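See structure below.
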Amino acid sequence: MAAGNVTTKIIRQSLEVGEVMAPSFLWILTASNSLVDIPNDQNVNQLVGMLMLRQVSPQAFNQLTETNLLNESLNIWEEIDPHSFQESSSKVDIFALYAFDAAWLLILALQQLCQRNSTNCLSFENTSNCFKARLTAQEDFHKILQTITFIGLTGRVQFHSNTTDRIDDTGVYYVIDNIQPSRMSTNKFQIVEVLQLNGSLQYNTYNSTTAWVTTGNIIRWPGQRNEIPTDYALLRGKTLNITVYISPPFFMQSAFPNIQGNYLVASNETSYDELIECVENRKCEIVMADLAETATRLAKVDFSTSIYDNALRLVV
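Per this note's numbering, the sequence shown starts with residue 100, numbered consecutively.
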């Protein structure tokens, strides 16, 4: 999963290369802020149809959260660092809310631990090694963590000894945004929320499947179509230069007058590694040969599934 800045670089390079985004391909992103610095006036046709998955606060699904605690946290933030302060809680990253609840859980557990044993509740062992340092009363601390429950910024926070996930009615909440042409200008795009996923356990049973729910907004697919794509990227109208490696009995040369195309037969002196280098250096577009997959080769090129007896493959 690429971060937002990395995804932005990938998108920029793809836009420059061309023909690797819409309408030929459907892109699905997990970095919702990756389009912030993308100029949309000249790239709208390549961006339309893109889907972006993002996690949201339970508040978006009207789940019970501690809004007073959130407001108090924002007030403290404004006092300590007004330059980075965000007035709207919607601008606060969802993972920051989860991190806050995790820190608050540890604080409450340490508070109870010190109330029970104030002498060594904050003492540590092996402090000379940061990787081996541990709380002296760690067993008691873990037991307390299993008993604490509270309503946090992300809903109910509660754990159990038999699972590392939060229990009770907590869950994860996602939405899918869709890049669509702007209603105000055909040279601009807009981000429209099209699907929602309520992952709260209270909406699921053991045999149920959590389903995405539409928001009522229609998904615009690549090519500005309303229909779901049902095909792969087409090679129609494109010219491919195929290099064929002579490896009996897989290679048999015959003339077919109705087939148009260009192919090049590699010389007998060409080694398998040279074929890999030819594709890697983009001197060859596609090579057909009985090449074996190795870790070194996979780091340089891609292999198709085998065509014949786990031997003959396309190398791209």
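Each residue gets a CB set at the ideal place from its N, CA and C atoms; glycine is no exception.
What you are looking at is a predicted structure, and each value in this text was computed from that prediction instead of being measured.
With the cut-off set at 8 Å, would you say I114 and N142 are in Cβ contact? Locating residue 114 in the sequence shown gives position 15, where the first residue counts as 1. Locating residue 142 in the sequence shown gives position 43, where the first residue counts as 1. Rather than Ile, the amino acid found at residue 114 in this sequence is Leu. Against a cut-off of 8 Å, the Cβ pair of N142 and L114 comes out as a contact.
Contained alpha helix (DSSP H) runs [length at least 4] in the stretch 365 to 403, N- to C-terminal order: 371 to 379, 394 to 397
Span separating the alpha-carbon of C213 from that of F240: By one-based count along the sequence shown, residue 213 stands at place 114. By one-based count along the sequence shown, residue 240 stands at place 141. Spanning the two alpha carbons is a distance of roughly 10 Å.
Mapping DSSP to helix, strand and coil, what is E165? Mapped onto the sequence shown, residue 165 falls at position 66. Looking at E165 - three-state DSSP - the assignment turns out to be coil, as it is neither helix nor strand.
Candidates R153, S403, P321: closest to T129 by CA position: Residue numbering aside, residue 129 sits at position 30 when the sequence shown is read from its first letter. Of the listed residues, the one whose Cα sits closest to T129 is R153.
Cutoff 6 Å; reference W176; Cβ partners in own chain excluding five residues on either side: On the sequence shown, residue 176 is found 77 positions in, with the first residue counted as 1. Excluding positions up to five away in sequence, the list reads F184.
Distance check for T393 and S366, CA to CA, integer angstroms please. Residue numbering aside, residue 366 sits at position 267 when the sequence shown is read from its first letter. Residue numbering aside, residue 393 sits at position 294 when the sequence shown is read from its first letter. Computed Cα separation, rounded: 23 Å.
By DSSP, does V256 sit in helix, in strand, or in coil? In the sequence shown, residue 256 corresponds to position 157, counting from 1. Looking at V256 - three-state DSSP - the assignment turns out to be strand.
If you follow the beta strand (DSSP E) that G251 is in, where does it begin and where does it stop? The count along the sequence shown starts at 1 and reaches residue 251 at position 152. G251 -> beta strand (DSSP E) spans 248 to 251.
DSSP state of H362 mapped onto helix, strand, coil: Indexing the sequence shown from 1 puts residue 362 at position 263. Here residue 362 turns out to be Tyr, not His, going by the sequence shown. Residue state, collapsed to three classes: strand.
Unbroken beta strand (DSSP E) run spanning V274, endpoints: As a first step, residue 274 must be located in the sequence shown, where it is residue number 175. It spans 272 to 280 - the beta strand (DSSP E) in which V274 sits, taken as one unbroken run.
Taking one C-beta from the stretch 197 to 212 and one from the stretch 233 to 252 each time, how about it: are there three or more such pairs within less than 8 Å? yes
Suppose you measure from the CA of I250 to the CA of T166; what does that come to, to the nearest Å? Position 151 of the sequence shown holds residue 250. Position 67 of the sequence shown holds residue 166. Distance between the alpha carbons of I250 and T166: 10 Å.
What span of residues does the alpha helix (DSSP H) with I193 cover, start to end? On the sequence shown, position 94 is the one that residue 193 refers to. Note, I193: alpha helix (DSSP H), 193 to 215.
What first and last residue would you give for the alpha helix (DSSP H) that runs through E115? By one-based count along the sequence shown, residue 115 stands at place 16. First-last of the alpha helix (DSSP H) with E115: 103 to 116.
When burial is assigned at 16 or more other CB atoms within 10 Å of the CB, is W320 buried or exposed? For the purposes of this step, residue 320 is taken as the residue at position 221 of the sequence shown. W320 comes out buried.
Going by DSSP, what residue range makes up the alpha helix (DSSP H) through N142? Counted from its first residue, the sequence shown places residue 142 at position 43. Looking at the DSSP string, N142 is not in any alpha helix (DSSP H), and its letter there is neither H nor E.
Since I believe I375 is in contact with V400 (beta carbons under 8 Å), could you give me their beta-carbon distance rounded to a whole number of angstroms? Looking up residue 400 in the sequence shown gives position 301. Looking up residue 375 in the sequence shown gives position 276. Going by Cβ atoms, the distance from V400 to I375 rounds to 6 Å, so yes, they are a contact pair.
Paired residues, beta bridge with E224 - DSSP: The residue given as residue 224 occupies position 125 in the sequence shown. Answer is R233, bridged to E224.
Helix or strand or just coil, what does DSSP make of I290? On the sequence shown, position 191 is the one that residue 290 refers to. In this structure, I290 counts as strand in the three-state DSSP scheme.
Alpha carbon of A310 to alpha carbon of V119, nearest angstrom: Translated into positions along the sequence shown, residue 310 becomes position 211. Translated into positions along the sequence shown, residue 119 becomes position 20. Answer to the nearest angstrom: the Cα atoms are 30 Å apart.
Alpha-carbon spacing of Y371 relative to D264, whole angstroms: As a first step, residue 371 must be located in the sequence shown, where it is residue number 272. As a first step, residue 264 must be located in the sequence shown, where it is residue number 165. Distance between the alpha carbons of Y371 and D264: 49 Å.
Q154 - partner residues in DSSP beta bridges: Indexing the sequence shown from 1 puts residue 154 at position 55. DSSP lists Y273 as partners of Q154.
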